[in-house]
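J.:
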């Protein structure tokens, strides 16, 4: 085993939201300092040693930031390529650019997943209205149109319930390059949070069941109510993706459970909302796991010692936090955001429902 | 239930060591900012929003610090009284001065514990050599001389194995006011980490077994191998102390297990090294519990969902951290201290040994 990055080193984190904040705290637990790069408000900066507040096209700020960091990682995947050029010139960046490139574009991502033999929903590129008939022939109807880039929490999506609606749906995406995806007949969505270390070792957490509300994750429950064989499939499949990408860090893999097996919905090259339960259920949570990976520590083995339900606090839900905190086994995480807005993730709670089944 | 201190408020923490650091992270998890007051090096400042680096006799710095905080708490009990006068003039301070006064002085502490009906080792004040014969008559020989104030991790102590050694032992304390304590015939040391909220509710964690090495805590193991009746006694006794002091916050209570029941060794009006296991074994750890108490949140119920062994990393032990991290169920906490020194607490690991018994 090679030595990890020395204690006291600085980890640069691109993005200053709640994921960056929880990464910064995990880094501190391993004795590291953190430096946040974030153009806007940065709740993560409250727990970081430094904060560079600058836009992603400020080449000088990017270069100064990179020079101050021993390693750079990120909490979101939509980092512009020219910024990545500057950031990764002299400082290691994990996960690698390849992982970012694959996941920044839904078409690239689906193509990659299909090429390595995994099942995905039928899909086709849609650059313009002319492409619609061919694309819908591929996917079937109903289908869903999604922008290829910059979508999250259900944004940049439009449903096509009948072929006649297709042009209007595409127009609602305002000319952004898109893909059409066929509907999948699934019984539930699960996700696997998996990690790969610099030495190539892989470790996955137990799959959780996700429930969404208005396109935003509402709850994740572990264990997911699926047979052991599917758990194994999910973990193997996630490992396959990490290994194919020569990935270093934590990845979130969303999967549909269908009568004929697992279908990959999407991957996120970062810690993931559906992995927050690990804070209450595992000795090493997803944030520490990610920091371990990018700094060269051995990975935790992912073992789960408690059953947990994670619930997001969206918008005014945050007002329920004190009442929730009074319930047995409830761990509260608030993100320190200055303003409560509808649809905004303000915090989450992890409810320990018992020792691990 | 009254509302807790609003998210975004600032918690002042006196002391910038590892306890302050872990308190600051717990405060951040509840959406608070922290401001550290620490004259020396401050690992806690790495995860805090602000740091006042000034001595405890800098009245102006203390007043500015207090004015910037919505509530003040501390990680250590030896805060000078004149500083407390300034700090608590206009800002709430938890735990209260009464708790500090009681625990700053071993004589006051033992007298308090005895007066509320708890068992302590026989003790007597020793101001000068003349007091030794009477004091040792009270305590018996062997005995141990301890400075009344500023002792920790076995510092400021001298054993008296025979009466003839007493004057030399006292001289080794360099004229500091002291107490003599009789030896207790105990089978093990345990401790209870208990909390009391502003509304008077009390919650305790499961007692852990402590093992010391060279006067410094080496490991804490939960569950402690004691009968259920003793666990109940320990928790009731801790509750008694908190309630008598009208205490708000987390307290560590060290107890000796003897053939005739529990004897109180000492109390610490703060989060305690022997409570670090709660980070891996409970939904709400001792740090969050303390922050909940001082900010008016409801307390966690203290339930333990895993068996845990906490091991301190003292001095060069920290070099073992990467190897320990590779073992199953091991959670690493490093304190970000710049320099490794013999006897210095550099970090700890929590090893989850299974779901709760």
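Protein chains in written order, with this note's numbering: chain A, 1 to 357; chain B, 1001 to 1357. From the three backbone atoms N, C-alpha and C, an ideal C-beta is built for every residue, glycine too.
My understanding is that residue 291 (chain A) touches residue 30 (chain A), with C-beta atoms under 8 Å, so please give their C-beta distance in whole angstroms.
T.: Stepping through the first chain from its first residue, residue 291 (chain A) is reached at position 291. Stepping through the first chain from its first residue, residue 30 (chain A) is reached at position 30. Rounded, the Cβ-Cβ distance is 6 Å, consistent with contact.
J.: Going along the chain, which residues of the stretch 312-337 of chain A sit with their C-beta nearer than 9 Å to a C-beta in chain B?
T.: Of all residues in the stretch 312-337 of chain A, only 318, 321, 322, 323, 325, 326, 327, 328, 329, 330, 331, 332, 333, 334, 335, 336 and 337 come within less than 9 Å of chain B when Cβ atoms are compared, listed by chain position.
J.: Taking 8 Å as the threshold (beta carbon to beta carbon), is residue 306 (chain A) in contact with chain B?
T.: Position 306 of the first chain, counting from 1, holds the residue named residue 306 (chain A). Closer than 8 Å to some Cβ of chain B, the Cβ of residue 306 (chain A) qualifies, so yes.
J.: Since residue 207 (chain A) and residue 187 (chain A) should fall inside the 8 Å C-beta cutoff, what is the C-beta to C-beta distance between them, to a whole number of angstroms?
T.: In the first chain, the residue the question calls residue 207 (chain A) occupies position 207. In the first chain, the residue the question calls residue 187 (chain A) occupies position 187. With a Cβ gap of about 14 Å, residue 207 (chain A) and residue 187 (chain A) do not count as contacting.
J.: Going straight from the alpha carbon of residue 204 (chain A) to that of residue 248 (chain A), what length do you get?
T.: Indexing the first chain from 1 puts residue 204 (chain A) at position 204. Indexing the first chain from 1 puts residue 248 (chain A) at position 248. Approximately 13 Å between the Cα atoms of the pair.
J.: Do residue 222 (chain A) and residue 349 (chain A) have their beta-carbon atoms positioned less than 8 Å apart in this structure?
T.: Counting from 1 along the first chain, the entry for residue 349 (chain A) is found at position 349. Counting from 1 along the first chain, the entry for residue 222 (chain A) is found at position 222. No. Outside cutoff.
J.: CA-CA distance, residue 282 (chain A) and residue 294 (chain A)?
T.: Taking the first chain and counting its residues from 1, one reaches residue 282 (chain A) at position 282. Taking the first chain and counting its residues from 1, one reaches residue 294 (chain A) at position 294. Roughly 19 Å between the two C-alpha positions.
J.: Taking the beta carbon of residue 1357 (chain B) as the centre, do at least 16 other beta carbons fall within 10 Å, making it buried, or is it exposed?
T.: As a first step, residue 1357 (chain B) is located in the second chain; it is residue number 357 there, counting from the start. Burial call: exposed.
J.: Over the uninterrupted beta strand (DSSP E) stretch that includes residue 1355 (chain B), give me the two end residues.
T.: Start at 1 with the first residue of the second chain, and residue 1355 (chain B) comes out as number 355. Judged by DSSP secondary structure, residue 1355 (chain B) falls within the beta strand (DSSP E) whose first and last residues are 1345-1355.
J.: What are the residues of the stretch 18-47 of chain A that lie near chain B, defined by any Cβ-Cβ distance shorter than 9 Å?
T.: 21, 22, 24, 25, 28, 29, 30, 31, 32, 33, 34, 43, 45, 46 and 47
J.: Taking 8 Å as the threshold (beta carbon to beta carbon), is residue 1355 (chain B) in contact with chain A?
T.: Here residue 1355 (chain B) corresponds to residue number 355 of the second chain, with the count starting at 1. Cβ-Cβ to chain A under 8 Å: yes for residue 1355 (chain B).
J.: Is residue 1347 (chain B) near residue 1335 (chain B), with beta carbons less than 8 Å apart?
T.: Along the second chain, one-based indexing puts residue 1347 (chain B) at 347. Along the second chain, one-based indexing puts residue 1335 (chain B) at 335. Result yes, Cβ atoms of residue 1347 (chain B) and residue 1335 (chain B) sit closer than 8 Å.
J.: Taking the CB atoms as reference points, tell me whether residue 1173 (chain B) and residue 1160 (chain B) lie closer together than 8 Å.
T.: Along the second chain, one-based indexing puts residue 1173 (chain B) at 173. Along the second chain, one-based indexing puts residue 1160 (chain B) at 160. Against a cut-off of 8 Å, the Cβ pair of residue 1160 (chain B) and residue 1173 (chain B) comes out as no contact.
J.: So the alpha helix (DSSP H) residue 290 (chain A) belongs to, where does it begin and stop?
T.: Start at 1 with the first residue of the first chain, and residue 290 (chain A) comes out as number 290. Run containing residue 290 (chain A): 286-295, per the alpha helix (DSSP H) assignment.
J.: Note down, one range per segment and in chain order, each beta strand (DSSP E) of at least 3 residues found wholly within the stretch 293-323 of chain A.
T.: 306-314
J.: Do residue 1280 (chain B) and residue 1352 (chain B) have their CB atoms nearer than 8 Å?
T.: Counted from its first residue, the second chain places residue 1280 (chain B) at position 280. Counted from its first residue, the second chain places residue 1352 (chain B) at position 352. Taking the C-beta atoms as reference points, residue 1352 (chain B) is found nearer than 8 Å to residue 1280 (chain B).
J.: Thinking just about the alpha-carbon of each residue, which of A:3, A:90, A:199 and A:98 is nearest to the one in residue 81 (chain A)?
T.: As a first step, residue 81 (chain A) is located in the first chain; it is residue number 81 there, counting from the start. Answer by Cα proximity: A:98.
J.: With three or more beta-carbon pairs closer than 8 Å as the criterion, would you say the stretch 1256-1268 of chain B touches the stretch 1313-1322 of chain B?
T.: Not touching, per the Cβ criterion.
J.: Is DSSP giving residue 281 (chain A) helix, strand or coil here?
T.: Your numbering for residue 281 (chain A) matches position 281 in the first chain. Here residue 281 (chain A) sits in helix by DSSP.
J.: Shorter than 8 Å from the beta carbon of residue 380 (chain A) to some beta carbon of chain B?
T.: Outside the shown range of chain A, which is 1 to 357, sits residue 380 (chain A), and nothing can be said about it.
J.: If you check the beta carbons only, do residue 1142 (chain B) and residue 322 (chain A) fall under 8 Å apart?
T.: Counting from one through the second chain, the residue named residue 1142 (chain B) turns up at place 142. Counting from one through the first chain, the residue named residue 322 (chain A) turns up at place 322. Not a contact, by the Cβ cut-off of 8 Å.
J.: Alpha carbon to alpha carbon, how far is residue 1034 (chain B) from residue 1085 (chain B)? Give it in angstroms, no decimals.
T.: Taking the first residue of the second chain as 1, we reach residue 1085 (chain B) at position 85. Taking the first residue of the second chain as 1, we reach residue 1034 (chain B) at position 34. Their backbone Cα atoms lie some 21 Å apart in a straight line.
J.: Roughly how many angstroms lie between the CA atoms of residue 1237 (chain B) and residue 185 (chain A), to the nearest whole one?
T.: Against the second chain, residue 1237 (chain B) aligns to sequence position 237. Against the first chain, residue 185 (chain A) aligns to sequence position 185. Rounded to the nearest angstrom, the two C-alpha atoms are 59 Å apart.
J.: Which residues share a DSSP beta bridge with residue 74 (chain A)?
T.: Position 74 of the first chain, counting from 1, holds the residue named residue 74 (chain A). DSSP, once it has assigned bridges, lists A:14 as partnering residue 74 (chain A).
J.: Roughly how many whole angstroms lie between the Cα atoms of residue 1078 (chain B) and residue 16 (chain A)?
T.: Taking the first residue of the second chain as 1, we reach residue 1078 (chain B) at position 78. Taking the first residue of the first chain as 1, we reach residue 16 (chain A) at position 16. Roughly 37 Å separates the two Cα atoms.
J.: Give every residue of the same chain whose Cβ lies closer than 6 Å to the Cβ of residue 1061 (chain B), excluding the five residues on either side of it in the sequence, and list them in chain order.
T.: Within the second chain, the letter at position 61 stands for residue 1061 (chain B). Excluding residues within five positions, the ones whose Cβ falls inside 6 Å are 1052 and 1054.
J.: Could you list which residues in chain A have their beta carbon closer than 9 Å to that of residue 1253 (chain B), in chain order?
T.: Residue mapping note: residue 1253 (chain B) aligns to position 253 of the second chain, counting from 1. Chain order gives no chain A residues near residue 1253 (chain B), where near means a beta carbon separation below 9 Å; the closest approach is about 23 Å.
J.: Per the DSSP calculation, residue 1337 (chain B) is bridged to which residue(s)?
T.: For the purposes of this step, residue 1337 (chain B) is taken as the residue at position 337 of the second chain. According to DSSP, which records beta bridges pairwise, residue 1337 (chain B) is partnered with nothing at all.
J.: Pop quiz: residue 198 (chain A) and residue 149 (chain A) are said to be a contact at Cβ under 8 Å. What is the actual Cβ separation, rounded to whole angstroms?
T.: The residue given as residue 198 (chain A) occupies position 198 in the first chain. The residue given as residue 149 (chain A) occupies position 149 in the first chain. Going by Cβ atoms, the distance from residue 198 (chain A) to residue 149 (chain A) rounds to 29 Å, so no, they are not a contact pair.
J.: In angstroms, rounded to a whole number, what distance separates the CA positions of residue 1013 (chain B) and residue 113 (chain A)?
T.: One-based indexing of the second chain puts residue 1013 (chain B) at position 13. One-based indexing of the first chain puts residue 113 (chain A) at position 113. Straight-line measurement puts the Cα of residue 113 (chain A) at about 50 Å from the Cα of residue 1013 (chain B).
J.: Between which residues of its own chain and residue 1123 (chain B) is the CB-CB distance below 6 Å, once the five residues before and five after are set aside?
T.: Numbered from 1 along the second chain, position 123 holds the residue referred to as residue 1123 (chain B). Excluding sequence neighbours, residue 1123 (chain B) sits near 1110, 1179 and 1181.
J.: Can you list, in chain order, the residues of its chain with a C-beta nearer than 6 Å to that of residue 1209 (chain B)? Leave out the 5 residues immediately preceding and following it.
T.: Taking the second chain and counting its residues from 1, the one referred to as residue 1209 (chain B) is at position 209. Excluding positions up to five away in sequence, the list reads 1188, 1190, 1221 and 1224.
J.: When DSSP labels each residue in this structure, what does residue 203 (chain A) get in the three-state scheme?
T.: Here residue 203 (chain A) refers to the residue found at position 203 when the first chain is read from its first residue. Strand.
J.: Can you give the beta carbon distance from residue 137 (chain A) to residue 131 (chain A), rounded, assuming they're within the 8 Å contact cut?
T.: Counted from its first residue, the first chain places residue 137 (chain A) at position 137. Counted from its first residue, the first chain places residue 131 (chain A) at position 131. With a Cβ gap of about 11 Å, residue 137 (chain A) and residue 131 (chain A) do not count as contacting.
J.: Looking at the secondary structure, which residues open and close the alpha helix (DSSP H) in which residue 104 (chain A) lies?
T.: Residue numbering aside, residue 104 (chain A) sits at position 104 when the first chain is read from its first letter. Residue 104 (chain A) -> alpha helix (DSSP H) spans 97-104.
J.: Can you find a CB in chain A that lies within less than 8 Å of the CB of residue 1049 (chain B)?
T.: Position 49 of the second chain, counted from the start, is the residue given in the question as residue 1049 (chain B). By this cut-off, residue 1049 (chain B) is an interface position.
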